[in-house]
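Q: Sequence positions in the sequence shown follow numbering that gives the first Met the number 0 and run 0 to 325.
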Amino acid sequence: MKMKLALAIIVVACFLSSHIEAALEVGFYRDKCPFAEAIIRDEVTKSFLRDRGIAPGIVRLHFHDCFVRGCDGSVLIDSTPTNQAEKEGPPNGNTLQGLEVIDNAKARIEAACKGVVSCADILSYAARDSISLTAGGYWDVPAGRRDGRISKASETLDIPAPSFNLDQITQSFANKGLTQDEMVALSGAHTIGRAHCSSFTNRLYNFNSTTMQDPKLNPYYAQFLKQQCPRDSQGNVDKNLVVFMNQTPFLMESSYYRNLFQNGGLFTSDQALLDSQETAREAASYAGNSLGWRRDFVQAMIKMSQIQVLTGNEGEIRANCRVINP
Ligand code: HEM
0 MKMKLALAII VVACFLSSHI EAALEVGFYR DKCPFAEAII RDEVTKSFLR
50 DRGIAPGIVR LHFHDCFVRG CDGSVLIDST PTNQAEKEGP PNGNTLQGLE
100 VIDNAKARIE AACKGVVSCA DILSYAARDS ISLTAGGYWD VPAGRRDGRI
150 SKASETLDIP APSFNLDQIT QSFANKGLTQ DEMVALSGAH TIGRAHCSSF
200 TNRLYNFNST TMQDPKLNPY YAQFLKQQCP RDSQGNVDKN LVVFMNQTPF
250 LMESSYYRNL FQNGGLFTSD QALLDSQETA REAASYAGNS LGWRRDFVQA
300 MIKMSQIQVL TGNEGEIRAN CRVINP
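#1: Please report how far the alpha carbon of residue 194 lies from the alpha carbon of residue 113, in whole angstroms.
#2: Determine the direct distance from the alpha carbon of residue 320 to that of residue 147, and round the result to whole angstroms.
#3: Does at least one heavy atom of the ligand SAM sit under 7 Å from the Cβ of residue 94?
#4: So is residue 96 buried or exposed if we call it buried at 16+ other beta carbons inside 10 Å?
#5: Return the chain-ordered list of same chain residues with a C-beta closer than 7 Å to the C-beta of residue 282, the five sequence neighbours on each side being excluded.
#6: Using a threshold of 7 Å, is the CB atom of residue 202 nearer than that to any non-hydrogen atom of the ligand HEM?
#7: Starting from the C-beta of residue 14, find all residues in its chain whose C-beta is less than 6 Å away, skip the five residues before and the five after it, and write them out in chain order.
#8: By the three-class DSSP mapping on this structure, what secondary structure does residue 41 have?
#9: Using a Cβ-Cβ cut-off of 8 Å (strictly less than) and excluding sequence neighbours within five positions of residue 241, which residues of its own chain qualify?
#10: What's the call for residue 239, buried or exposed, on a 16-neighbour Cβ count within 10 Å?
#11: Quick check: what's the CA-CA separation for residue 29 versus residue 99?
#12: Taking 8 Å as the cut-off, does the stretch 29 to 42 touch the stretch 77 to 91 (at least 3 CB pairs, one atom from each stretch)?
#13: I'd like to confirm something about residue 168: is its beta-carbon nearer than 7 Å to some heavy atom of the ligand HEM, or not?
#14: The alpha helix (DSSP H) that contains residue 172, what's its start and end?
#15: If we call anything under 8 Å between Cβ atoms a contact, is residue 133 one with residue 48?
#16: When the Cα atoms are used, what is the spatial distance from residue 106 to residue 50?
#17: Taking the alpha carbon of residue 299 as the reference point, which residue from 101, 170, 138 has its own alpha carbon closest?
#18: Count the other CB atoms within 10 Å of the CB of residue 231; is the residue buried (16 or more) or exposed (fewer)?
#19: Less than 8 Å separating the beta-carbons of residue 38 and residue 130?
#20: Mind checking which residues open and close the alpha helix (DSSP H) that includes residue 66?
#21: Assuming the contact rule is C-beta atoms closer than 8 Å, residue 210 and residue 245 should be a hit. Round their C-beta distance to whole Å, please.
#22: Is residue 277 buried or exposed, if buried means 16 or more other CB atoms sit within 10 Å of its CB?
#23: Just to check, is the beta-carbon of residue 160 closer than 7 Å to a non-hydrogen atom of the ligand HEM?
#24: Would the C-beta of residue 301 count as close to the ligand HEM, meaning under 7 Å from any of its heavy atoms?
#25: Which term fits residue 331, buried or exposed, when burial requires 16 or more other beta carbons within 10 angstroms of its beta carbon?
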């Protein structure tokens, strides 16, 4: 009996210690590469001053990285003749922004401390810096992620689609260990950035067999969107056209939630936040309390940025974020 108890204690202790070892850590590079964070911040800030659209682009990159195989930098990998990488997956194809900022930060960091800082961590720091530059808040980034060695376009199915209803987005976040509350808070990231017309024109021109325009879309907003995304004589919309998703595309404040109450959510998945009492209540509270939203948003980002991370000896530290090490 005593032997069994001792064995059980040893097993639990081993589990706990491996678990603690595996956890991410604030200040992970303090001794290993002291200037890493500063270099990343410098690169993000420089790019932001040239093009503010870089900040939302990087935040979305981090979300798309974390939802496919965890936050392992897999979204950064380029396709090869034998592998279609995540970048080619339907939610990503030609819509990602900010990749070169990560490349520039990585190049400078490699010159300062070779083979130490993962691309996954660089992306996580850069997302934090992007949120901070758009006044969304600041947090200490737990780090120590390792880079994955797999990136497949087919796996981007894990990323929720803009046509999703409330059950579908809730399930998609639950699959990654995030609660519905966290999903509502994170959706507010759509305060910043842009969307291609193709992500929502079904709501304007071919909603279903009986209605062309989504009845849940504010008619004035629909009118505006139709002007921004006109159809040509063939009935097609130029696939390069983009619109800002909100009236403050470079500033994190809670107008996203206020717009929902005017039927002004851009995607079906945005407007869907009002489709249950609990989510509508949360959206209403954020609509009136920007500070409260940003606090919850930051907490949810910290959690999202730790989805299925590789740590310790798992994965690798990629030398070039676009290429798996030979
Ligand atoms: C509820 C699920 C979500 C859906 C269905 C969704 C879908 C989309 C779509 C379709 C776009 C437009 C892409 C384009 O056409 O260029 C977009 C943009 C964006 N999304 Fe989401 N998203 C979701 C959640 C999130 C989350 C959780 C974040 C971050 C925490 C996020 C951050 C962004 C940002 C910042 C942009 C603007 C990107 C840019 O300007 O380049 N989204 N999203």
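Heads up, the beta-carbon is just placed ideally off N, CA and C, and yes, glycines get one too.
A: Per the coordinate set shown:
#1: What you label residue 194 is simply residue 195 of the sequence shown in a count that begins at 1. What you label residue 113 is simply residue 114 of the sequence shown in a count that begins at 1. Roughly 37 Å separates the two Cα atoms.
#2: As a first step, residue 147 is located in the sequence shown; it is residue number 148 there, counting from the start. As a first step, residue 320 is located in the sequence shown; it is residue number 321 there, counting from the start. Taking the straight line from one Cα to the other gives about 10 Å.
#3: No copy of the ligand SAM occurs in the structure displayed; its ligands are the ligand HEM alone.
#4: Locating residue 96 in the sequence shown gives position 97, counting from the first residue. By the neighbour-count rule (16 or more Cβ atoms within 10 Å), residue 96 is buried.
#5: Residue 282 sits at position 283 when you count from the first residue of the sequence shown. So the list reads 183, 256, 259, 272, 273, once near-sequence residues are dropped.
#6: The residue given as residue 202 occupies position 203 in the sequence shown. No; taking the cut-off as 7 Å, the Cβ of residue 202 has no heavy atom of the ligand HEM nearer than that.
#7: As a position in the sequence shown, residue 14 is number 15, starting the count at 1. Bear in mind that the predicted position of residue 14 carries a pLDDT of just 46, short of 50, making it too unreliable to give a figure here.
#8: In the sequence shown, counting from the first residue as 1, residue 41 sits at position 42. If DSSP states are grouped into helix, strand and coil, residue 41 belongs with the helices.
#9: Stepping through the sequence shown from its first residue, residue 241 is reached at position 242. Excluding sequence neighbours, residue 241 sits near 193, 194, 195, 196.
#10: Position 240 of the sequence shown, counting from 1, holds the residue named residue 239. Exposed, because fewer than 16 other Cβ atoms sit within 10 Å of the Cβ of residue 239.
#11: As a position in the sequence shown, residue 29 is number 30, starting the count at 1. As a position in the sequence shown, residue 99 is number 100, starting the count at 1. The straight-line gap from Cα to Cα measures roughly 25 Å.
#12: no
#13: Counting from 1 along the sequence shown, the entry for residue 168 is found at position 169. Yes - the ligand HEM has a heavy atom lying nearer than 7 Å to the Cβ of residue 168.
#14: Here residue 172 refers to the residue found at position 173 when the sequence shown is read from its first residue. Where residue 172 is concerned, the enclosing alpha helix (DSSP H) stretches over 165 to 173.
#15: Residue mapping note: residue 133 aligns to position 134 of the sequence shown, counting from 1. Residue mapping note: residue 48 aligns to position 49 of the sequence shown, counting from 1. Not closer than 8 Å, so no.
#16: Taking the first residue of the sequence shown as position 1, residue 106 is located at position 107. Taking the first residue of the sequence shown as position 1, residue 50 is located at position 51. Between residue 106 and residue 50, the C-alpha separation is close to 20 Å.
#17: Along the sequence shown, read from residue 1 onward, the residue named residue 299 stands at position 300. Of 101, 170, 138, the residue nearest in Cα terms is 138.
#18: For the purposes of this step, residue 231 is taken as residue 232 along the sequence shown, with counting starting at 1. So residue 231 counts as exposed.
#19: Here residue 38 refers to the residue found at position 39 when the sequence shown is read from its first residue. Here residue 130 refers to the residue found at position 131 when the sequence shown is read from its first residue. Cβ distance not < 8 Å, so residue 38 and residue 130 don't count as in contact.
#20: Numbered from its first residue, the sequence shown carries residue 66 at position 67. Unbroken run through residue 66: none, as it is neither H nor E.
#21: Position 211 of the sequence shown, counted from the first residue, corresponds to residue 210. Position 246 of the sequence shown, counted from the first residue, corresponds to residue 245. Between residue 245 and residue 210 the Cβ distance is about 25 Å, and since that is not below 8 Å, they are no contact.
#22: By one-based count along the sequence shown, residue 277 stands at place 278. The residue is exposed, with fewer than 16 neighbouring Cβ atoms inside 10 Å.
#23: By 1-based counting over the sequence shown, the position of residue 160 is 161. Residue 160: yes, Cβ under 7 Å from the ligand HEM.
#24: Here residue 301 is taken as the residue at index 302 of the sequence shown, counted from 1. Answer for residue 301: no, Cβ out of range of the ligand HEM.
#25: Beyond the ends of the chain as shown, which are 0 and 325, falls residue 331; an answer cannot be given.
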